[in-house]
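*Asks:* Structure incoming, see below.
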Amino acid sequence: MYDFVVVGAGPAGSRFARQAVRAGRDVLVLERGQVGTPLACSGHVSTDIWEFTPDGARDHLLQNEIYGARFHVGGPRSPEHPFYKDEVISNVIDRVGLDKALARAAQDAGADLREDHSVTDVNEHGEYVDVTANTPDGTETFRGKMVVGCDGPVSRVRRELGLPEPKEKLQGVLGFAPKAHSGNFVDVHLTAPKFFAWRIPRGDAGVEFGLAAPPGSQPTARALFDRFTAEYSVETNEFCAGMIPIGPPKSVTAHRGFLIGDAAAQTKPFTGGGILYGMTSADHAVRTIDPDDPGTLADYEFAWRTELKNEIRLGHWVRRAYSLPGPMQTVGLRSMAGEIGVHMDRPSSFFSTEHLTKLLKRT
């Protein structure tokens with residue numbers, strides 16, 4: 623019997639597995655397909671990512687360094703409002719490569735990783751949990767003291783454990799133009815309903831285009847994406863789509879199971895990104911949860927919410943600005959544009975001494 627059966631080998635699942643093994647736990651990781659595929663989300667992340675990766679990962683994962691963002695109320699030819707630093711703000715990375723590097727690190731630490739294992743059933747019992755999966759060898763059941771749902775926004779583990787859904791899900795779409803682009807600013811367009819569209823230069827890897835919108839919106843997210851890329855006069859390949867969870871539910875823990883990452887909607891409401899929030903929560907889970915004591919699941923709930931709740935709450939306020947009338951957005955962006963002291967994962971840094979000092983210099 624394993625201490626933890628982890629479902630999903632994305633960043634949150636692999637990070638948890640690696641750290642849990644290092645803490646002396648026996649860990650099994652079940653991945654539905656092959657690690658890293660299909661592509662799940664954007665590769666634009668803060669520089670904090672390297673604190674969670676194995677040594678040397680930056681050398682082969684980094685694609686570009688970003689110094690700022692140009693915000694637009696309209697399309698590519700609309701006025702731009704730049705926000706920037708004189709140092710690197712964020713990185714663009716090989717997103718598939720990140721998943722593979724983190725999964726490999728978990729394996730190197732001693733986790734038992736099994737690909738092509740699609741979980742179909744989870745049953746909690748008094749002292750253990752049974753996880754059933756379709757495997758290359760047929761149906762198999764694995765037993766652990768706890769199950770860890772790291773299986774994304776449409777989480778099978780969440781459903782099997784009877785845990786509540788995220789408060790909202792958006793439809794995200796991505797595509798890539800292969801022509802190299804060495805720019806170091808991303809473009810953010812406040813044109814998608816209740817969210818935004820983006821253009822991210824990836825150096826030799828080309829350019830990423832994407833957007834997110836509420837499911838069922840008209841035009842659809844795909845139609846909005848096609849219109850957006852047409853405005854840039856580009857054709858994209860490697861098109862992919864997926865759900866983006868926004869707003870953690872009231873509980874992400876059951877009797878002998880818990881959720882991490884997108885399954886728990888541990889994401890930034892204003893961008894949908896969840897890589898850093900998920901891996902941060904994974905570390906909290908390793909530190910707080912004893913697989914022999916279900917009572918410690920409450921400690922995990924308290925730990926990750928204490929660290930992230932203010933950032934998520936402020937993130938919701940930032941996102942509300944996406945739905946303001948265009949003239950109000952323009953006035954706000956024009957007044958705030960310039961050098962900033964804000965961290966892309968922490969909206970609370972808007973109130974930091976560094977950022978407030980830069981704002982005062984403009985007055």
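Residues 623 to 985 in our numbering are what the sequence shown spells out, letter by letter. Ideal placement from N, C-alpha and C gives every residue a C-beta, glycine not left out. Treat the numbers as computed from the prediction; the structure is a model and nothing was measured.
#1: Express the C-alpha separation of Met966 and Val806 in angstroms, rounding to a whole number.
#2: What is the C-beta distance between Phe674 and Met950, in whole angstroms, given that I count them as a contact (C-beta under 8 Å)?
#3: Should the stretch 632-652 be regarded as contacting the stretch 901-911, the criterion being three or more beta carbon pairs within less than 8 Å?
#4: Of all the options Ala835, Asp730, Ala755, which has the alpha carbon lying nearest to the alpha carbon of Val779?
#5: Could you say if the stretch 782-802 and the stretch 680-690 meet the contact criterion of at least three C-beta pairs nearer than 8 Å?
#6: Could you tell me the distance, in whole angstroms, from the CA atom of Phe924 to the CA atom of Val829?
#7: In whole angstroms, what is the alpha-carbon distance linking Arg821 and Thr761?
#8: Look up Gln656 in the DSSP assignment and say whether it is helix, strand or coil.
#9: Give me the residue from Glu653, Asn686, Gly883 with the minimum Cα distance to Ser668.
#10: Does the Cβ-Cβ distance between Ser839 and Pro815 come in under 9 Å?
#11: If you compare alpha carbons, which of Pro913, Cys862, Ala852 is closest to Phe880?
#12: For Trp939, count neighbouring C-beta atoms within 10 Å of its own C-beta (all shown protein chains included) and say buried if the count is 16 or more, exposed if not.
#13: Between Val744 and Val769, which are expected to be in contact by the criterion C-beta below 8 Å, what is the C-beta distance as a whole number of angstroms?
#14: Using 8 Å as the threshold, is the stretch 969-980 in touch with the stretch 718-726, meaning 3 or more CB pairs across them?
#15: Using C-beta distances below 7 Å, list every residue in its chain close to Leu936, excluding the 5 sequence neighbours before and after it, in chain order.
#16: For Leu846 and Gly766, I'd like the C-alpha separation in whole angstroms.
*Replies:* Looking at the atomic coordinates:
#1: Checking the displayed sequence, the identity of residue 806 turns out to be Asn instead of Val. Each residue's Cα considered, the two are about 15 Å apart.
#2: Not confirmed; about 38 Å, so no contact.
#3: At 8 Å Cβ cutoff, the stretches touch.
#4: With respect to the C-alpha of Val779, the residue from Ala835, Asp730, Ala755 having the closest C-alpha is Ala755.
#5: Short answer: they don't touch.
#6: Approximately 39 Å, taken between the alpha carbons.
#7: Roughly 43 Å between the two C-alpha positions.
#8: Here Gln656 sits in coil by DSSP.
#9: For Ser668, the nearest C-alpha among the options comes from Asn686.
#10: Cβ distance < 9 Å, so Ser839 and Pro815 count as in contact.
#11: Per the Cα distances, Pro913.
#12: Exposed, because fewer than 16 other Cβ atoms sit within 10 Å of the Cβ of Trp939.
#13: Correct: roughly 6 Å between the Cβ atoms.
#14: Contact fails: fewer than three Cβ-Cβ distances are below 8 Å.
#15: Excluding positions up to five away in sequence, the list reads Pro969, Ser970.
#16: When the Cα atoms are used, Leu846 and Gly766 turn out to be separated by approximately 44 Å.
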